[in-house]
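Encoded as structure tokens, the structure appears first; notes follow it.
Laid out in structure tokens, this is it:
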């Protein structure tokens, strides 16, 4: 274990000002200038600036790649964060949209590169407590959105929490139990919104990844995480309630989040997206969301960002 408050089992998830300066090979004074200009991803936690490693990596990609091309016809792919309800709806509706889940940050990359027509996002901004919109204000996400006529549409509110074995044999009530009892924790890839949320929840609870017994396996989707627990390879992990229900596992709620879809306005009016949203207004869809559990779809389709 390490006393570094931002250290995880395979590197820092949150960098301090000194660490990000060393990582970027710039002076700390320059880091503070970037913070004042709101030109670098950062958040203030307990009075100090922290820099999410995954967002810094995304920022580096932006500064290395130059201008982003804007393809006229991106493929009919939904990239980004995995959502069980969206997965089911895309297949059941016959909309023709394929899913390529890889995490929220990966979705932004693919959307920016023209490799997907939609990106699914659930990126928490710890400073404001809001989701997704702040991520469009700077960095690669901003450049992917700027001048493209993009919109951010709500898909669902979801309950996130700890997925544990059926019957909750270790009596897990919250994050502190994971550390105190030395339970095996499986986590998501760095690009996943769930990983960033867990890092924030740990920080808020005064814990770090270093305090957890994190297994070597990385789950690359909500269902993969649930299966790791079902099959006994881990004792707990952060995922949506729907995963726990589908695998008959127990669930300890920790947060409610907003899952949005990022797309261009003009693509919203194309048949694949229209078919998906038309299906999302049916009784069958509402019944499925209720059956899966942990979803609030009352604001589905709400516009949270409407860019130029």
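Numbering (my numbering), first residue to last: 51 to 358. Cβ coordinates follow ideal geometry from the N, Cα and C atoms, glycine included. Quantities reported herein were computed from a predicted structural model and do not represent experimental measurements.
Take residue i and list the residues in its own chain whose beta-carbon comes closer than 6 Å to its own, dropping the five residues that flank it on each side.
i, result
"residue 148", "127"
"residue 145", "322, 325 and 326"
"residue 214", "222, 286 and 300"
"residue 82", "none"
"residue 92", "85, 99 and 101"
"residue 347", "206 and 339"
"residue 67", "78, 81 and 99"
What are the boundary residues of the alpha helix (DSSP H) that includes residue i?
i, result
"residue 252", "243–254"
"residue 156", "154–162"
"residue 134", "134–143"
"residue 226", "225–230"
"residue 315", "315–318"
"residue 74", "67–74"
Given a cut-off of 8 Å, decide if residue j and residue i are closer than it, judged by their beta-carbon atoms.
i, j, result
"residue 308", "residue 207", "yes"
"residue 171", "residue 130", "yes"
"residue 287", "residue 278", "yes"
"residue 293", "residue 304", "no"
"residue 344", "residue 302", "no"
"residue 267", "residue 236", "yes"
"residue 124", "residue 177", "no"
"residue 238", "residue 306", "no"
"residue 354", "residue 167", "no"
"residue 233", "residue 220", "yes"
"residue 135", "residue 103", "no"
"residue 230", "residue 262", "no"
For residue i, name the three-state secondary structure that DSSP assigns.
i, result
"residue 186", "helix"
"residue 102", "strand"
"residue 289", "strand"
"residue 107", "helix"
"residue 279", "helix"
"residue 323", "helix"
"residue 150", "strand"
"residue 118", "Because residue 118 carries a pLDDT of 43, less than 50, the predicted location of this residue cannot be relied on, and the following value inherits that uncertainty. Residue 118: coil per DSSP, three-state reduction."
"residue 210", "strand"
"residue 336", "helix"
"residue 267", "strand"
"residue 273", "helix"
"residue 215", "coil"
"residue 305", "strand"
"residue 295", "helix"
Excluding the 5 residues preceding and the 5 following residue i in the sequence, name in chain order all residues of the same chain whose CB lies nearer than 8 Å to its CB.
i, result
"residue 226", "255 and 257"
"residue 334", "142"
"residue 71", "77, 78, 80 and 81"
"residue 283", "234, 236, 265 and 267"
"residue 218", "300 and 302"
Tell me where the beta strand (DSSP E) around residue i begins and ends.
i, result
"residue 85", "Here residue 85 belongs to no beta strand (DSSP E); instead the alpha helix (DSSP H) covers 78–86."
"residue 404", "Residue 404 lies beyond the range of the chain shown here (51 to 358); nothing can be said about it."
"residue 356", "353–356"
"residue 235", "234–238"
"residue 127", "127–130"
"residue 168", "168–171"
Any Cβ of chain B within less than 8 Å of the Cβ of residue i?
i, result
"residue 335", "No chain B is present in this structure, which holds just one protein chain."
Residues in the same chain with beta-carbon distance under 7 Å from residue i, minus the five sequence neighbours each way, listed in chain order, please.
i, result
"residue 138", "338"
"residue 340", "none"
"residue 295", "342 and 343"
"residue 140", "128, 147, 149 and 326"
"residue 298", "216"
"residue 318", "201"
"residue 351", "203, 204 and 327"
"residue 356", "201"
inquiry  = Between the segment 200–208 and the segment 307–326, can you find at least three pairs of beta-carbon atoms closer than 8 Å?
reply    = Flag = yes, the segment 307–326 and the segment 200–208 touch.
request  = Could you tell me whether the segment 138–156 touches the segment 232–245, using the rule of 3 or more Cβ pairs below 8 Å?
outcome  = yes
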